[in-house]
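S.K.:
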Amino acid sequence: MRRLLLAFAFLMPLTPMMIAAARAEEFTRTQIESIIHDYIANHPKEMIDSVENYGKQQQMVEDQQASTLVQENMDWLVHNSKHAEAGSTKPDASIVEFFDYNCGYCKAALPDLMTLLGTDKNLRIVFVEIPILGESSITAAKWALAANEQGKYLPYHILLMKHKGPLDEATLVDYAKRAGLDADKLKADKDSDKIARIIDENIGMARKLGIQGTPAFVVGDQLLRGYVGMDALRDALKTAREAEKK
Numbered sequence: 057m058r059r060l061l062l063a064f065a066f067l068m069p070l071t072p073m074m075i076a077a078a079r080a081e082e083f084t085r086t087q088i089e090s091i092i093h094d095y096i097a098n099h100p101k102e103m104i105d106s107v108e109n110y111g112k113q114q115q116m117v118e119d120q121q122a123s124t125l126v127q128e129n130m131d132w133l134v135h136n137s138k139h140a141e142a143g144s145t146k147p148d149a150s151i152v153e154f155f156d157y158n159c160g161y162c163k164a165a166l167p168d169l170m171t172l173l174g175t176d177k178n179l180r181i182v183f184v185e186i187p188i189l190g191e192s193s194i195t196a197a198k199w200a201l202a203a204n205e206q207g208k209y210l211p212y213h214i215l216l217m218k219h220k221g222p223l224d225e226a227t228l229v230d231y232a233k234r235a236g237l238d239a240d241k242l243k244a245d246k247d248s249d250k251i252a253r254i255i256d257e258n259i260g261m262a263r264k265l266g267i268q269g270t271p272a273f274v275v276g277d278q279l280l281r282g283y284v285g286m287d288a289l290r291d292a293l294k295t296a297r298e299a300e301k302k
């Protein structure tokens, strides 16, 4: 579908030019359409190359725009006391994850992040809840942010991420007890105005950065969309660290 759309994007500016040229020679519309059809049929590789080059150019533009937005909002992303964090307190690189507790790809990314956290002692991971997949996502995000108020975010986060199926209150309470949290305090804190504002701000920033789904990762000034795997995260960390040395 994306390739088809790109093909239309390529042909739209091309067609008026060909029509204008054809009119100069008084070709009929049928003849013009035949010329276009024959060109596409006889030059498939050139057409594919043009579409792919156009796609690459568009991706470069989108990546640059995202990079600029990330740089403009870096303090909010990596120096924000409202966010839950894990890892080094004096990091030389950070991964900022935008996620939803009901997102399957976010759950798939958990082992990658935990492996990086366990093997990279200079890494910090910043967790940004953007509950976009329904009411249960909002509920889970509220409970997790309340857990952060007690300083035990990560063990609770891991339990929620590993969970399969809907997260009801009984499950959230059970996981809270397993993580060593005060479940009664969680219940009291989760509906606070502070937590509601954090969620609103998180979703607002995601929209500002052009994040339309989860997961998404900010590493240095790069924005990585979707599940990218551990190797891509490692490469992004390497690039970010090299950029800091310049």
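Residue numbers (my numbering): 57 to 302. Glycine included, C-beta positions come from ideal geometry on N, C-alpha and C. Just so you know, these numbers come straight off a predicted model, no measurement behind them.
#1: Please go through the same chain and pick out, in chain order, the residues whose beta-carbon is closer than 8 Å to the beta-carbon of H144, but skip the five residues on each side of it.
#2: For R59, I'd like the list of residues in its chain whose CB is within less than 7 Å of its CB, leaving aside the five on either flank, ordered along the chain.
#3: Under the three-state reduction of DSSP, which class applies to S150: helix, strand or coil?
#4: DSSP has A272 in a bridge; who is on the other side?
#5: Roughly how many whole angstroms lie between the Cα atoms of D256 and G174?
#6: Tell me whether the beta-carbon of I151 lies closer than 9 Å to the beta-carbon of G269.
#7: What's the gap between the Cα of S90 and the Cα of K101?
#8: Ends of the alpha helix (DSSP H) at L169?
#9: Quick check on DSSP: helix, strand or coil for A235?
#10: Just to check my reading of the structure: I251 and D245 have Cβ atoms closer than 8 Å, yes? What is that Cβ distance to the nearest angstrom?
#11: What three-state label does DSSP hand I186 in the structure shown?
#12: Cα separation between R281 and D168?
#13: I think G190 touches K208, with their Cβ atoms under 8 Å apart; what is that distance to the nearest whole Å?
#14: Using 8 Å as the Cβ pair cut-off and three pairs as the minimum, do the segment 155 to 162 and the segment 119 to 137 touch?
#15: State the DSSP-derived secondary structure class of G221, mapped to helix, strand or coil.
#16: Determine the DSSP secondary structure at E108, reduced to helix, strand or coil.
#17: Provide the residue(s) that pair with A142 in DSSP beta bridges, ordered along the chain.
#18: When you compare only the Cα positions, how much space is there between L172 and M286?
M.R.: Once the coordinates are examined:
#1: A small correction: the amino acid at residue 144 is Ser; His does not occupy that position in the sequence shown. For S144, where only same-chain residues beyond five positions count, the Cβ hits under 8 Å are K177, N178, L179, R180.
#2: With a pLDDT of 46 at R59, under the threshold of 50, the predicted position of this residue should be treated as unreliable, though the coordinate-derived value follows. Counting only Cβ-Cβ distances below 7 Å, and skipping sequence neighbours, we find V107.
#3: strand
#4: F154, R281
#5: Pairing D256 with G174, the inter-Cα distance amounts to about 31 Å.
#6: Contact flag unset, no.
#7: 19 Å
#8: It spans 160 to 175 - the alpha helix (DSSP H) in which L169 sits, taken as one unbroken run.
#9: coil
#10: Going by Cβ atoms, the distance from I251 to D245 rounds to 7 Å, so yes, they are a contact pair.
#11: coil
#12: 15 Å
#13: Not quite, the Cβ-Cβ distance comes to about 25 Å (not below 8 Å), so this is no contact.
#14: no
#15: Three-state result, G221: coil.
#16: helix
#17: In DSSP, A142 forms a bridge with I181.
#18: 8 Å
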